[in-house]
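To keep things clear, I will list the structure first and then write my remarks on it.
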Amino acid sequence: MQEETGVCGIVGYQGREGACGILIDALRRLEYRGYDSAGIAILQNGSVKIARKQGKVSDLWNVICGDNFEGSTGLAHTRWATHGVPSERNAHPHKVGDITVVHNGIIENYLELKESLKQKGRTFVSDTDTEVIPHLIVDHLDKGSDFEEAVRFALKQLKGSYAIGVMKDGTETMIAAKKESPLLVGVGNDEFMIASDAPAIINRTNRFIFLEDNDIVTITKGALKITDFDGVEVDREIKTVQWTGAMAEKGGYRHFMLKEIFEQPRAISETLIGRIQEEEGEVVFEDLNIPDVSKIKKIWMVACGTSYHACLIGKHMFEANLRIPVETDIASEFRYRAPILNKDDLVILVSQSGETADTIAAMKEVKKKGLYTLAICNVLGSTLSRESHSVIYTHAGPEIGVASTKAFTTQISVFFMLMLYLGKLKGVLDSDDIRRHLTELKKLPRNITAILESSAVIEEIARANMHYRHFLYLGRGINFPTVLEGALKLKEISYIHAEAYAA
Numbered sequence: 178m179q180e181e182t183g184v185c186g187i188v189g190y191q192g193r194e195g196a197c198g199i200l201i202d203a204l205r206r207l208e209y210r211g212y213d214s215a216g217i218a219i220l221q222n223g224s225v226k227i228a229r230k231q232g233k234v235s236d237l238w239n240v241i242c243g244d245n246f247e248g249s250t251g252l253a254h255t256r257w258a259t260h261g262v263p264s265e266r267n268a269h270p271h272k273v274g275d276i277t278v279v280h281n282g283i284i285e286n287y288l289e290l291k292e293s294l295k296q297k298g299r300t301f302v303s304d305t306d307t308e309v310i311p312h313l314i315v316d317h318l319d320k321g322s323d324f325e326e327a328v329r330f331a332l333k334q335l336k337g338s339y340a341i342g343v344m345k346d347g348t349e350t351m352i353a354a355k356k357e358s359p360l361l362v363g364v365g366n367d368e369f370m371i372a373s374d375a376p377a378i379i380n381r382t383n384r385f386i387f388l389e390d391n392d393i394v395t396i397t398k399g400a401l402k403i404t405d406f407d408g409v410e411v412d413r414e415i416k417t418v419q420w421t422g423a424m425a426e427k428g429g430y431r432h433f434m435l436k437e438i439f440e441q442p443r444a445i446s447e448t449l450i451g452r453i454q455e456e457e458g459e460v461v462f463e464d465l466n467i468p469d470v471s472k473i474k475k476i477w478m479v480a481c482g483t484s485y486h487a488c489l490i491g492k493h494m495f496e497a498n499l500r501i502p503v504e505t506d507i508a509s510e511f512r513y514r515a516p517i518l519n520k521d522d523l524v525i526l527v528s529q530s531g532e533t534a535d536t537i538a539a540m541k542e543v544k545k546k547g548l549y550t551l552a553i554c555n556v557l558g559s560t561l562s563r564e565s566h567s568v569i570y571t572h573a574g575p576e577i578g579v580a581s582t583k584a585f586t587t588q589i590s591v592f593f594m595l596m597l598y599l600g601k602l603k604g605v606l607d608s609d610d611i612r613r614h615l616t617e618l619k620k621l622p623r624n625i626t627a628i629l630e631s632s633a634v635i636e637e638i639a640r641a642n643m644h645y646r647h648f649l650y651l652g653r654g655i656n657f658p659t660v661l662e663g664a665l666k667l668k669e670i671s672y673i674h675a676e677a678y679a680a
């Protein structure tokens with residue numbers, strides 16, 4: 178299971194080309210996230226034109242393909258209902274007066290804000306929490322604020338998590354903002370895009386600005402400005418990711434999950450490159466600077482879903498070879514209990530996306546207590562990677578399939594290398610030990626390839642057992658987390674009952 182990073186998809190475009198086709202294509206690239214409705218807004222002849230449809234992106238396309246949706250500035254959105262039933266009325270974008278908004282996240286104080294706005298005579302047409310946002314912006318515009326000020330003032334009234342995109346009739350300016358919900362800006366040739374996830378726009382650019390919490394980005398023709406909620410300009414680095422548009426395509430496979438299963442040898446090779454020095458018996462992590470490793474008396478590994486299962490395997494590796502006690506925790510449980518932490522503990526947080534809300538919250542809590550945090554994640558510039566003290570990237574490439582595959586095996590590979598790295602620093606593993614382990618580790622991509630080459634045999638086994646409605650997975654020791662992951666995969670993909678037990 179991929180960790181939950183959001184329940185909707187946001188994309189926006191401003192450039193020289195027609196926005197409609199670009200945005201629809203981007204929404205299709207976000208379909209793996211799951212959604213119940215879709216919508217699009219295009220600035221056309223000075224007015225924002227909207228289309229919304231319950232159902233699939235293809236249904237939305239059928240609505241607009243015969244219509245005149247022309248313009249080079251626009252927003253689009255896929256929604257999974259959190260407030261209000263799935264319907265065209267509740268779908269995004271929402272437009273109030275001159276203001277059009279798309280939104281990911283949850284506005285926790287929306288009922289309070291809605292009641293206040295109703296008392297001012299404002300009328301609501303949906304059941305969503307999102308609709309309070311354009312109403313608030315219009316309220317500030319009516320008081321004399323300009324567009325940017327009105328958005329800033331409105332955001333200051335919101336409590337909760339959000340990534341939003343905003344357009345206004347009469348101007349090509351687009352504004353986007355982020356708080357505890359992923360949002361990035363794609364920087365192309367004479368164009369800018371916003372997206373909740375890089376695969377949506379990776380076919381157009383691999384240069385991204387990963388927005389931080391409380392960032393507001395204002396995009397005008399050919400120009401971009403980022404400020405905080407007080408209007409003070411901030412600098413954000415443009416980062417180039419080593420992903421390509423082809424990596425986010427199915428490449429001849431029936432679905433993304435199958436493609437990503439077969440990508441594991443390459444993904445693991447990318448994880449190992451530049452980090453293992455077999456002859457010297459060393460593992461090298463650039464920019465990893467854990468203070469005074471000799472003082473570490475306990476390690477915490479915190480994650481959700483599949484990443485948590487990788488942590489369980491990491492625990493076996495670390496305790497067996499480093500002789501350091503390791504606690505593994507599901508992030509949602511860790512943040513809501515009172516774990517006994519010591520200042521010399523090392524906390525490792527794992528997330529494929531780097532945007533898992535519970536894992537980020539756990540990271541923030543332990544940082545407040547003065548503990549050192551190390552992130553293991555896949556997405557460059559993600560919140561977890563930015564806000565942890567150090568990060569080790571898995572370099573697995575984009576994982577589109579909802580059921581995690583290559584992220585899991587690359588995370589385990591990182592744990593193995595990290596175990597060797599810490600073992601040498603602590604003096605419990607010598608160069609000969611590490612050299613022997615690295616020799617075996619280098620064989621891993623080749624060994625996985627050999628397994629994948631027997632896929633026909635695996636398919637025969639699956640067909641022979643497909644009539645069973647209950648499956649029990651048994652494993653012992655380091656293989657127990659593996660059967661936990663196997664049972665999870667069967668449940669996720671087939672909806673067949675499966676349980677894992679320690680043998």
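Position in the sequence shown (first residue = 1) + 177 = our numbering.
A virtual CB, placed ideally from N, CA and C, is assigned to each residue, including glycine.
Cα-Cα separation between residue i and residue j, rounded to whole angstroms
| i | j | result |
| --- | --- | --- |
| residue 542 | residue 470 | 22 Å |
| residue 447 | residue 561 | 21 Å |
| residue 247 | residue 265 | 22 Å |
| residue 182 | residue 630 | For residue 182, the predicted structure reports a pLDDT of 42, less than 50, and the residue's modelled location is therefore unreliable. A value from the coordinates is still provided. Cα to Cα, residue 182 sits roughly 33 Å from residue 630. |
| residue 309 | residue 203 | 26 Å |
| residue 253 | residue 654 | 48 Å |
| residue 280 | residue 335 | 12 Å |
| residue 144 | residue 425 | A question about residue 144 goes unanswered here, because the residues of the chain that appear run from 178 up to 680. |
| residue 352 | residue 294 | 22 Å |
| residue 582 | residue 487 | 11 Å |
| residue 673 | residue 648 | 8 Å |
| residue 595 | residue 460 | 8 Å |
| residue 180 | residue 536 | With a pLDDT of 46 at residue 180, under the threshold of 50, the predicted position of this residue should be treated as unreliable, and no value is reported. |
| residue 432 | residue 207 | 14 Å |
| residue 481 | residue 622 | 26 Å |
| residue 637 | residue 568 | 41 Å |
| residue 267 | residue 228 | 12 Å |
| residue 328 | residue 547 | 35 Å |
| residue 178 | residue 322 | Summary for residue 178: the model assigns pLDDT 49, below 50, so the residue's position carries little reliability, and this model does not support an answer. |
| residue 500 | residue 607 | 15 Å |
Residue i and residue j closer than 8 Å at C-beta
| i | j | result |
| --- | --- | --- |
| residue 628 | residue 445 | no |
| residue 234 | residue 378 | no |
| residue 394 | residue 401 | yes |
| residue 524 | residue 479 | yes |
| residue 200 | residue 215 | no |
| residue 385 | residue 361 | yes |
| residue 272 | residue 225 | yes |
| residue 477 | residue 504 | yes |
| residue 615 | residue 357 | no |
| residue 284 | residue 342 | no |
| residue 550 | residue 565 | yes |
| residue 270 | residue 354 | no |
| residue 676 | residue 585 | no |
| residue 512 | residue 552 | no |
| residue 531 | residue 554 | yes |
Bounding residues of the alpha helix (DSSP H) (the contiguous stretch that carries residue i)
| i | result |
| --- | --- |
| residue 611 | 608 to 619 |
| residue 491 | 482 to 499 |
| residue 598 | 583 to 603 |
| residue 212 | Note, residue 212: premise wrong, no alpha helix (DSSP H); not H, not E. |
| residue 198 | 196 to 206 |
| residue 339 | No alpha helix (DSSP H) holds residue 339; the beta strand (DSSP E) holding it covers 337 to 345. |
| residue 434 | 433 to 439 |
| residue 545 | 534 to 545 |
| residue 667 | 657 to 671 |
Residue interval of the beta strand (DSSP E) (run including residue i)
| i | result |
| --- | --- |
| residue 527 | 523 to 528 |
| residue 554 | 549 to 554 |
| residue 191 | 186 to 191 |
| residue 281 | 276 to 284 |
Supposed close pair residue i, residue j - CB separation, criterion 8 Å
| i | j | result |
| --- | --- | --- |
| residue 340 | residue 282 | 6 Å |
| residue 575 | residue 376 | 5 Å |
| residue 250 | residue 370 | With 8 Å as the limit, residue 250 and residue 370 do not qualify as a contact, their Cβ atoms being about 11 Å apart. |
| residue 618 | residue 449 | 7 Å |
For residue i, three-class secondary structure by DSSP
| i | result |
| --- | --- |
| residue 568 | strand |
| residue 461 | coil |
| residue 379 | coil |
| residue 506 | strand |
| residue 228 | strand |
| residue 388 | coil |
| residue 643 | coil |
| residue 238 | helix |
| residue 317 | helix |
| residue 676 | strand |
| residue 181 | Note on residue 181: pLDDT 43, under 50, position unreliable in the model; the coordinate value appears next. If DSSP states are grouped into helix, strand and coil, residue 181 belongs with coil. |
| residue 689 | Lying outside 178 to 680, the shown extent of the chain, residue 689 is not represented and no answer is given. |
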